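UniProt numbering numbers the first residue of the sequence shown as 1 and each following residue consecutively.
Every residue, glycine too, gets a C-beta built ideally from N, C-alpha and C.
Everything numeric in this text was worked out from a predicted model, so none of it was measured.
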Amino acid sequence: MESIDAILDTIIYENEQNHYAVALFSETKTYHTFTAAGTIRDVQEDIEYNLTGQYIVHPKYGMQFQIQTAIKKLPTNEKQIIRFLCSDKFSGIGKKTATDIYQTLGDNCLEQISKDASILNQVSSLNAKKRKIIQEGIQEFSSFNESYIQLMKYGLSDHKIELLEKQYENPLEVIEKNCFQPFYEVNGFGYKTSVQIANMLQMQAMDTRRQDAYICNLCRELVMSYGNTYITFENIFENVKVLSEEQVKNCLIRLIDDGYLQNEKNKYYPFQLLSDEIVVSKGIKDHIFKVEPVEEEILKIKLREVEFSLNIEYDTKQVDAVSSFFNHSISIINGGPGTGKTTIVRGILRLCKQIFPQSTIQLCAPTGRASKRLTQLSDCDSRTIHSLLQWDLHSNTFGKDEKNKIECDFLIVDEFSMVDTHLFAQLMKALPLHCRILLIGDENQLESVGPGKVFEDLIDSEILPVVHLNRIYRQEHGSGIVTLAKEIREEGLCRFEDGVTFIEKNNNEILEEIKRIASQQEVQILAPMYKGSCGIDAINQMIQQLKNPKAAYKKELKVGTIIFRERDKVMLLKNMADEDVYNGDIGTIVHIEKTKEMNIVEVDFGNNVVCFDHDFLYYLTHAYCISIHKSQGSEYDNVVFICDVQSIYMLEKRLIYTAISRAKHHLYIIGNANVFKRQVRMIQKRIRQTSLKERLGEIYD
């Protein structure tokens with residue numbers, strides 16, 4: 001890491017949103033000019049900075065200084081001092097006044113003023129008003145630097161400092177008064193960071209501020225790990241390590257008073273989840289209204305035309321689903337794979353465009369992959385829910401809300417079982433009251449990653465029309481997959497036939513069997529857990545050696561214990577909407593470039609090639625084998641699913657059902673058949689605690 005004092009000569013590029021800048025600098029002592037890039041707060045020309053960082057060779061722009069920190073220094077020569085005092089920070093101070101100050105007080109005049117403002121009395125041309133403007137401007141400049149330096153001493157990154165500055169007028173004052181306040185109020189500022197600062201400030205272990213944050217964080221962790229929207233006192237206290245029952249109760253009282261937890265009927269809701277449930281229930285109530293029904297005969301005639309154009313024939317349940325959509329303001333379609341959900345949507349879209357030609361129809365899904373798939377299958381544009389709501393990653397806020405509604409007459413949401421309470425609340429806020437809604441999903445799949453079980457609660461409340469699709473329509477090779485899915489849903493006898501192969505193997509034989517299958521065809525491997533002899537990590541390592549072994553003509557990059565190699569199959573772990581690729585998309589590494597200064601990995605995701613030049617493990621992982629949660633919303637031609645004894649505690653009915661329903665043509669299940677048959681009958685160990693169903697039931701009370 002180098003430290004350079006340099007004057008910013010020219011701003012080449014500036015992003016006001018994140019303070020990223022590219023600028024031309026000249027070193028103070030040597031006058032050597034260079035280009036630097038990185039975070040520069042309140043970037044200004046003709047100002048001296050102390051830069052820390054290192055020189056790198058950018059693949060496109062060549063040699064440049066990569067900025068780690070950029071701290072302003074008060075100017076010390078005539079030209080810079082005069083220009084500094086004539087800047088916008090000193091309203092009313094012109095060039096003549098600035099020159100008088102310099103000529104009277106000399107080169108280090110700004111430093112003298114920052115230490116003792118009374119020195120300005122020596123400048124005869126200054127009145128009291130101008131002296132105050134100069135004093136306050138220099139104090140603001142100095143305090144900003146001091147605050148920034150102190151926050152860095154607390155171990156905060158530029159990103160976290162920026163988060164604090166967006167939230168608070170004086171971040172340092174907030175931190176030193178209660179370092180846990182940002183944990184409650186600033187998205188992206190975690191509990192561990194606050195604890196780190198508390199330790200540096202030597203905050204006592206029994207300080208109530210520390211206790212409150214500990215209990216709040218515990219509540220957050222418990223609802224996230226269980227998927228609940230609330231937690232009971234008993235659940236909280238049984239997980240507390242150091243506090244008495246009375247202390248915990250006092251913490252909860254303070255947290256509720258401060259608005260960091262919500263309470264109702266002795267249920268404690270973090271993350272404002274009580275408010276979210278109320279928004280959802282009210283939104284559902286507001287969107288239940290009478291619609292002008294489409295005449296049954298007209299609907300029948302138009303539906304026959306759709307059947308003819310699509311070369312299909314709808315059965316009674318599918319006709320009911322179409323009719324329900326046109327005769328209700330909100331309706332639900334629930335069904336497993338192969339039950340014709342997509343065929344119904346295609347019919348609804350065609351009819352809707354005929355019957356309501358002036359209406360705006362919006363399709364969406366919770367993930368980018370699911371949205372892309374919906375677009376392909378329906379021949380209509382679809383968006384992710386986050387994109388539809390104009391979600392901003394950095395601030396975690398939504399552009400569309402109750403004040404800025406989505407322009408939409410009909411909304412169709414696919415893969416709705418993946419939608420959590422908070423996201424659906426945001427969607428309900430943003431929908432105009434006249435908008436009609438169709439929710440499509442499979443209640444037997446895994447619930448949302450975030451808290452809640454919205455789809456299940458909506459169905460169980462029995463206040464909305466629901467069409468349950470049970471008949472299977474896939475008759476081509478592989479129909480045994482959807483048959484098995486149906487047998488699991490209905491708790492029937494599980495048969496492995498017509499596209500489903502169960503291979504009985506002991507744990508020490510599973511890897512070799514995977515290797516055998518993978519060497520013969522392209523498969524997507526799904527496993528319940530990451531660690532262990534048959535876990536995701538071990539399988540990825542083995543299949544990489546099988547499918548993409550080390551070779552002289554293939555470049556590779558080692559990151560920690562992981563080796564990325566050209567031609568590797570990798571998965572994206574974060575949404576990158578600007579590149580049109582999303583969390584869960586799978587691609588191939590097409591190029592790796594390694595230099596002393598920078599490493600680059602280029603990945604082909606099919607529709608485009610994305611270049612990654614840092615944080616590889618943050619964005620990418622091997623994808624020969626992936627988790628079942630990561631596979632949700634996707635389909636693969638051939639799937640290998642690991643059902644081993646080691647992961648028995650994770651193998652619940654919903655997880656198994658989701659795994660097998662990812663396969664289109666062939667499903668290989670490797671492991672213990674008795675474990676499989678027992679686990680698909682096992683009642684879910686943890687039923688998510690929510691109060692949404694109860695709240696929905698109150699709509700008609």
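Asked                                                                                                                                                                : Found
What is the rounded straight-line gap between the Cα of N263 and the Cα of E176?                                                                                     : 29 Å
Going by C-alpha distance, which of K265, K302, P337 is nearest V322?                                                                                                : K302
Using 8 Å for Cβ pairs, my map puts E652 next to Q679. What's the rounded Cβ distance?                                                                               : 7 Å
If you drop the 5 nearest sequence neighbours on each side, which residues of the same chain put their C-beta closer than 7 Å to that of V57?                        : M63, T595, E597, M598
Looking at the unbroken beta strand (DSSP E) that takes in S634, where does it start and where does it end?                                                          : Note, S634: premise wrong, no beta strand (DSSP E); not H, not E.
Does the contact criterion of 3 or more C-beta pairs under 8 Å hold for the stretch 448 to 462 versus the stretch 607 to 623?                                        : no
Can you name, in chain order, every residue of its own chain whose Cβ lies under 6 Å from the Cβ of F65, other than the five neighbours on each side?                : F34, A36, G53, Y55
Please list the segments of the beta strand (DSSP E) lying wholly inside the stretch 480 to 561, counting only runs of 3 or more residues, in order along the chain. : 500 to 504, 524 to 527, 556 to 559
What residue range does the beta strand (DSSP E) around E111 cover?                                                                                                  : Looking at the DSSP string, E111 is not in any beta strand (DSSP E); the run it does join, the alpha helix (DSSP H), is 109 to 115.
Just to check my reading of the structure: L24 and T10 have Cβ atoms closer than 8 Å, yes? What is that Cβ distance to the nearest angstrom?                         : 4 Å
Using 8 Å as the threshold, is the C-beta distance between residue 702 and C364 below it?                                                                            : Because the chain spans 1 through 701 in this model, residue 702 falls outside it and cannot be assessed.
Judging by CA-CA distance, which residue of Q80, K515, F356, G441 is the nearest neighbour of P366?                                                                  : G441
Can you find at least 3 beta carbon pairs, one from the stretch 207 to 214 and one from the stretch 241 to 257, that sit closer than 8 Å?                            : yes
When DSSP labels each residue in this structure, what does D100 get in the three-state scheme?                                                                       : helix
Exposed or buried, what is D585 when buried is set at 16 or more other beta-carbons lying within 10 Å of its beta-carbon?                                            : buried
Please classify A552: is it buried, with 16 or more other beta-carbons within 10 angstroms of its beta-carbon, or exposed?                                           : exposed
For A98, which residues of its own chain have a beta-carbon under 6 Å away from its beta-carbon, when the five flanking residues on both sides are left out?         : I82, L85, C86
If you drop the 5 nearest sequence neighbours on each side, which residues of the same chain put their C-beta closer than 8 Å to that of S125?                       : K96, T97, D100
In terms of alpha-carbon separation, which member of Y168, E14, K29, E45 lies closest to L8?                                                                         : E45
For D498, which residues from the same chain have a beta carbon less than 6 Å from its beta carbon, with the 5 sequence-adjacent residues on both sides left out?    : S479, G480
Is it true that the stretch 280 to 299 meets the stretch 258 to 272, where meeting means three or more beta-carbon pairs spaced less than 8 Å apart?                 : no
Take the Cβ of N199 as the centre, count every other Cβ of all protein chains shown within 10 Å, and call the residue buried at 16 or more, exposed below.           : exposed
Fully enclosed by the stretch 338 to 378, which alpha helix (DSSP H) runs are 4 residues long or longer?                                                             : 341 to 355, 368 to 378
Locate the alpha helix (DSSP H) running through L655, then write down its first and last residues.                                                                   : 653 to 660
Report the start-end ranges of each beta strand (DSSP E) in the stretch 199 to 274 that is 3 residues or longer and not cut off at the edges.                        : 262 to 264, 267 to 269
On the DSSP letters alone, give me the boundaries of the alpha helix (DSSP H) that T421 sits inside.                                                                 : 421 to 430
Terminal residues of the continuous alpha helix (DSSP H) containing L696?                                                                                            : 692 to 697
Can you tell me where the beta strand (DSSP E) holding I648 begins and where it ends?                                                                                : Run containing I648: none; DSSP gives neither H nor E here.
Span of the alpha helix (DSSP H) holding V680?                                                                                                                       : It is not in any alpha helix (DSSP H) - V680 carries neither H nor E in the DSSP assignment.
Contact check, R681 vs I278 under 8 Å by CB: the rounded distance?                                                                                                   : Not quite, the Cβ-Cβ distance comes to about 37 Å (not below 8 Å), so this is no contact.
Would you kindly work out how many angstroms separate the C-alpha atoms of N121 and K129, rounded to a whole number?                                                 : 12 Å
Bridge partners for D392 per DSSP, in chain order?                                                                                                                   : T397
Rounding to the nearest angstrom, what Cα-Cα distance links M542 and K515 in this structure?                                                                         : 8 Å
Could you tell me the alpha carbon to alpha carbon distance between G535 and N228, rounded to whole angstroms?                                                       : 27 Å
Of the choices A623, N548, K554, whose alpha-carbon is the least far from that of N583?                                                                              : A623
Compare the C-alpha of V413 against each of S371, Q390, I12, G336 and name the closest.                                                                              : S371
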